[in-house]
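Take a look at the structure set out below.
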Amino acid sequence: MTMPAIDHLISLPILLPIVVGALLLLLDEGRRELKAAASVVTTIVLLGIAIALMARVMMPAPDGDSIVLVYPLGNWPAPFGIVLVADRLSVLMLVLNAILGVACLLFALARWHKMGPRFHTLFLMQLAGLNGAFLTGDLFNLFVFFEVLLAASYALVLHGSGTVRLRASLHYIPINLVASSLFLVGVSLIYAVTGTLNMADLARLIPSVPPENRILLEAGAAILGVAFLIKAGMWPLSFWLPTTYAAACAPIAALFAIMSKVGIYVILRLFLLFFGEGTGATAGFGGDWLFYGGLVTIAFGGIGVLASQSMPRLAGYYVLVSSGTLLAAIGTGNSAVISGALYYLVSSTLSISAFFLLIELIERGRDAGADVLAVTMEIFGDPEEDVEDQDEEVGVAIPATVAVLGGAFVACTVLFAGLPPLSGFIAKFAMLSALLNEAGGVPPSHWALVVLLMLSGLAALIAMTRTGIRVLWAPLESTIPRVRLVEVGPMLVLLLLSVGLTVFGGPAMRYMEVTAQVLYWPREYARDVLATSPLPVERAAP
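Going left to right, the sequence shown walks through residues 0 to 541 as numbering that gives the first Met the number 0 numbers them.
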């Protein structure tokens, strides 16, 4: 039986950016236009491949189950060989990563790709590492792709140089090196107990682990979980995140919006695969830690959002709110809540990424010390506020740039606060509806999540409104930002995709519901991966 040609596309989201990125190293920095063209074409092709793979997994399978594409690299079957696995969740992340890649790269072409060496190679390596983490079917290669994306991110955080970025990297790099070390320790303990690192094989073996080895298995899983929670940004492991995201240049910070979601993706994948229903004595292991850790992270992020006096730090703390919401949703163990959380994952990632791009465009027209002056004005008052303007002004001049940026800021505010009619409202409504309609009544802990979801939206609304009044409605200076179409366009496209999630909310939610249901079928996932046979090899006639 031969594999459909489209299934061979699974390896390209990893191989294509690596090959192109390596080839770009052969070109000197003087040929930056050629490098930019190659990078743009590569990211657009990656987006096309991701969409094609999504269309493939959405096709009905002959047996009625959801399609899981398995690609044995080197034609070695699982669990002995390396396999790439594409299912509904992984292709969803692939599409999201490709969209952010195209938008952020186009934005960077205005000026940021000239601000440091090897930008395009590092950018493509970052995409390759992210795609690999979403597609890999075993823990060892998950570690490899994590290292690829982290190695690229270390350099991208420093891209553009500056004391602020250097200081942020002193937090970012050591904490992620510690996380990588914990990753290795956790994987080693799990391998010592089970003798395999293939995710599907682990899902098959973990229910039969002897009681005397269960403590070692759970210790390995806990250490592995800490490594992922550092990357996801769960409190108190998230002290580095707002500073790092605020320090990175705009297109990199916008791309980093999906970095914390990698940790969320892996936790969601492994938690339901290894410790979901039907996994025996280990079922539900760590679920309470995810839930209550998520609640504390939402509260911490909400306080940070309210306390932030600069837009980059506000965006960084909202990333924590988003991570906490997703972790708490996973900890509920409710598939309906998780389907809403998947919708929220896409909506919040698009809106945060757009906001990071918007921040640079707005701040381009502000003085460097505007935030400090604004805080001072809030505390001590404006000495000129009591002086009435004797000249009556007729009409208000609204330059198109300010109007567009202001409209985008309002859209980000609505998305962050979860207000209708945009996708942020649908995401929170889906999660709240699932929480409030649980069979057997709503437990007190889930009421806490309901309250925090509403309070975090209120905190975002207050913080964004205050910031918007300060920077757009009553600015301390009247300089109109000078922007380019290649900068405004990608930011608007990300916001329009959020609008598209609202317009096509029904089909999008149905996709998320089926994806959440498939995640609760670990046995089917293991069956599809382990049943994959090597491809027949055609031999030449003697």
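Note that CB positions come from ideal geometry on N, CA and C, so glycine has one too.
Collapsed DSSP secondary structure at residue 85 in the structure displayed: Position 86 of the sequence shown, counted from the start, is the residue given in the question as residue 85. The three-state secondary structure of residue 85, taken from DSSP, is strand.
Checking 9 Å against the spacing of the C-beta atoms, do residue 297 and residue 327 come in under that value? Indexing the sequence shown from 1 puts residue 297 at position 298. Indexing the sequence shown from 1 puts residue 327 at position 328. For residue 297 and residue 327, yes; Cβs fall inside 9 Å.
Give a yes or no on contact between the stretch 133–147 and the stretch 85–99, applying the rule of three or more CB pairs nearer than 8 Å. Taking a cut-off of 8 Å for Cβ pairs, the stretch 133–147 and the stretch 85–99 touch, as three or more such pairs fall below it.
Tell me which residues share the same chain as residue 357 and place their Cβ nearer than 7 Å to its Cβ, disregarding the 5 neighbours each side in the sequence. Your numbering for residue 357 matches position 358 in the sequence shown. Here residue 357 has 404, 407, 408, 411 and 490 as same chain residues with Cβ atoms under 7 Å from its own Cβ, once five neighbours each way along the sequence are excluded.
Once the 5 residues before and after residue 423 are set aside, which same chain residues still bring their CB inside 6 Å of it? In the sequence shown, residue 423 corresponds to position 424, counting from 1. A distance below 6 Å between beta-carbons, with the five flanking residues on each side excluded, links residue 423 to the following residues of its chain, in chain order: 346, 414 and 417.
Inter-residue spacing [alpha-carbon to alpha-carbon] between residue 502 and residue 511: Looking up residue 502 in the sequence shown gives position 503. Looking up residue 511 in the sequence shown gives position 512. Going by the C-alpha atoms only, they are around 15 Å apart.
Span of the alpha helix (DSSP H), counted from its first residue to its last, around residue 173: On the sequence shown, position 174 is the one that residue 173 refers to. Run containing residue 173: 162–193, per the alpha helix (DSSP H) assignment.
Counting Cβ pairs closer than 8 Å, one from the stretch 102–115 and one from the stretch 232–242, do we hit at least three? The count of Cβ pairs closer than 8 Å, one atom from the stretch 102–115 and one from the stretch 232–242, stays below three, leaving the stretches out of contact.
Distance between beta carbons of residue 285 and residue 270, contact taken as under 8 Å: Looking up residue 270 in the sequence shown gives position 271. Looking up residue 285 in the sequence shown gives position 286. Yes, residue 270 and residue 285 are in contact; Cβ-Cβ is about 7 Å, under 8 Å.
State whether the stretch 238–252 contacts the stretch 311–330, with contact taken as three or more CB pairs (one from each stretch) at a distance under 8 Å. By the Cβ test, the stretch 238–252 is in contact with the stretch 311–330, since at least three Cβ pairs between them sit closer than 8 Å.
Closest Cα partner of residue 177 within the set 146, 56, 188 and 155: On the sequence shown, position 178 is the one that residue 177 refers to. It is 146 whose Cα lies nearest to the Cα of residue 177.
According to DSSP, simplified to helix, strand and coil, what is residue 392? Position 393 of the sequence shown, counted from the first residue, corresponds to residue 392. Here residue 392 scores only 46 on pLDDT, less than 50, and its place in the model should not be relied on; the value that follows carries that caveat. Note: residue 392 maps to coil in three-state DSSP.
DSSP three-state assignment for residue 379, whether helix, strand or coil: Here residue 379 corresponds to residue number 380 of the sequence shown, with the count starting at 1. Residue confidence is low: residue 379 scores 45 on pLDDT, short of 50, so the model does not pin down where it sits. No coordinate-derived value is stated.
Return the chain-ordered list of same chain residues with a C-beta closer than 7 Å to the C-beta of residue 517, the five sequence neighbours on each side being excluded. If you number the sequence shown from 1, residue 517 lands on position 518. The residues are 65, 86 and 87.
Buried or exposed (CB count within 10 angstroms, at least 16 for buried), residue 438: The count along the sequence shown starts at 1 and reaches residue 438 at position 439. Taking all protein chains in view, the Cβ of residue 438 is surrounded by fewer than 16 other Cβ atoms within 10 Å, so the residue is classified as exposed.
When the Cα of residue 28 is compared with those of 22, 107 and 116, which residue comes out closest? In the sequence shown, the residue the question calls residue 28 occupies position 29. Considering only 22, 107 and 116, the residue with the shortest C-alpha distance to residue 28 is 116.
Going by DSSP, name the residue or residues bridged to residue 466. On the sequence shown, position 467 is the one that residue 466 refers to. Beta-bridge partners of residue 466 (DSSP): none assigned.
Those residues which DSSP pairs with residue 74 across a bridge: Your numbering for residue 74 matches position 75 in the sequence shown. DSSP output for residue 74 lists no bridge partner at all.
Tell me, please, whether the stretch 272–290 touches the stretch 514–529 by the rule of three or more beta-carbon pairs shorter than 8 Å. Taking 8 Å as the limit for Cβ pairs, the verdict is that the stretch 514–529 does touch the stretch 272–290.
Compare the beta carbon distance of residue 528 and residue 69 with 9 Å and say whether it is the shorter of the two. Locating residue 528 in the sequence shown gives position 529, where the first residue counts as 1. Locating residue 69 in the sequence shown gives position 70, where the first residue counts as 1. In this structure, residue 69 lies closer than 9 Å to residue 528 by Cβ.
List, from N- to C-terminal side, the alpha helix (DSSP H) runs of 4 residues or more that fit wholly inside the stretch 294–346. Listed in chain order, the complete alpha helix (DSSP H) runs (minimum 4 residues) inside the stretch 294–346 are 310–331.
When the Cβ atoms of the stretch 212–228 are set against those of the stretch 450–470, are three or more pairs found closer than 8 Å? Counting Cβ pairs under 8 Å, fewer than three are found: no touch.
Which residue from 79, 48, 14 and 61 puts its Cα closest to that of residue 531? Translated into the one-based positions of the sequence shown, residue 531 becomes position 532. When only C-alpha atoms are compared, the closest one is 79.
Check whether the Cβ atoms of residue 196 and residue 289 lie closer than 9 Å to each other. Position 197 of the sequence shown, counted from the first residue, corresponds to residue 196. Position 290 of the sequence shown, counted from the first residue, corresponds to residue 289. With a cutoff of 9 Å on beta-carbon distance, residue 196 and residue 289 are scored as not near each other.
What is the rounded straight-line gap between the Cα of residue 181 and the Cα of residue 321? Sequence index remark: in the sequence shown, residue 181 carries index 182 (1-based). Sequence index remark: in the sequence shown, residue 321 carries index 322 (1-based). Here the alpha carbon of residue 181 sits roughly 24 Å from the alpha carbon of residue 321.
Locate the alpha helix (DSSP H) running through residue 430, then write down its first and last residues. Reading the sequence shown from its first residue, position 431 is the one you call residue 430. From DSSP, the alpha helix (DSSP H) with residue 430 extends over 422–435.
Report the rounded CA-to-CA distance for residue 436 versus residue 259, giving the unit in angstroms. Indexing the sequence shown from 1 puts residue 436 at position 437. Indexing the sequence shown from 1 puts residue 259 at position 260. Cα to Cα, the separation comes out at about 29 Å.
Using 9 Å as the threshold, is the C-beta distance between residue 156 and residue 171 below it? Looking up residue 156 in the sequence shown gives position 157. Looking up residue 171 in the sequence shown gives position 172. With a cutoff of 9 Å on beta-carbon distance, residue 156 and residue 171 are scored as near each other.
Between the stretch 159–175 and the stretch 198–218, do three or more beta carbon pairs fall short of 8 Å? Result no; under three Cβ-Cβ pairs closer than 8 Å.
Cα separation between residue 338 and residue 30? Your numbering for residue 338 matches position 339 in the sequence shown. Your numbering for residue 30 matches position 31 in the sequence shown. Rounded to the nearest angstrom, the two C-alpha atoms are 46 Å apart.
What is the DSSP secondary structure of residue 68, counted as helix, strand or coil? Numbered from its first residue, the sequence shown carries residue 68 at position 69. Strand.
Alpha-carbon to alpha-carbon, residue 103 and residue 201: Here residue 201 refers to the residue found at position 202 when the sequence shown is read from its first residue. Here residue 103 refers to the residue found at position 104 when the sequence shown is read from its first residue. So the alpha carbons of these two residues sit roughly 37 Å apart.
Distance check for residue 336 and residue 552, CA to CA, integer angstroms please. In the structure as shown, the chain starts at 0 and stops at 541, and residue 552 therefore has no counterpart that could be examined.
Compare the C-alpha of residue 228 against each of 194, 175 and 428 and name the closest. Counting from one through the sequence shown, the residue named residue 228 turns up at place 229. For residue 228, the nearest C-alpha among the options comes from 175.
Going by the beta-carbon positions, is the gap between residue 551 and residue 341 smaller than 9 Å? Past the boundaries of the shown model lies residue 551; the chain is included only from 0 to 541, so the question cannot be answered.
Quick check on residue 160: buried or exposed, where buried means 16 or more other Cβ atoms within 10 Å of its Cβ? The residue labelled residue 160 in the question sits at position 161 within the sequence shown. Residue 160 is exposed by the Cβ-count criterion.
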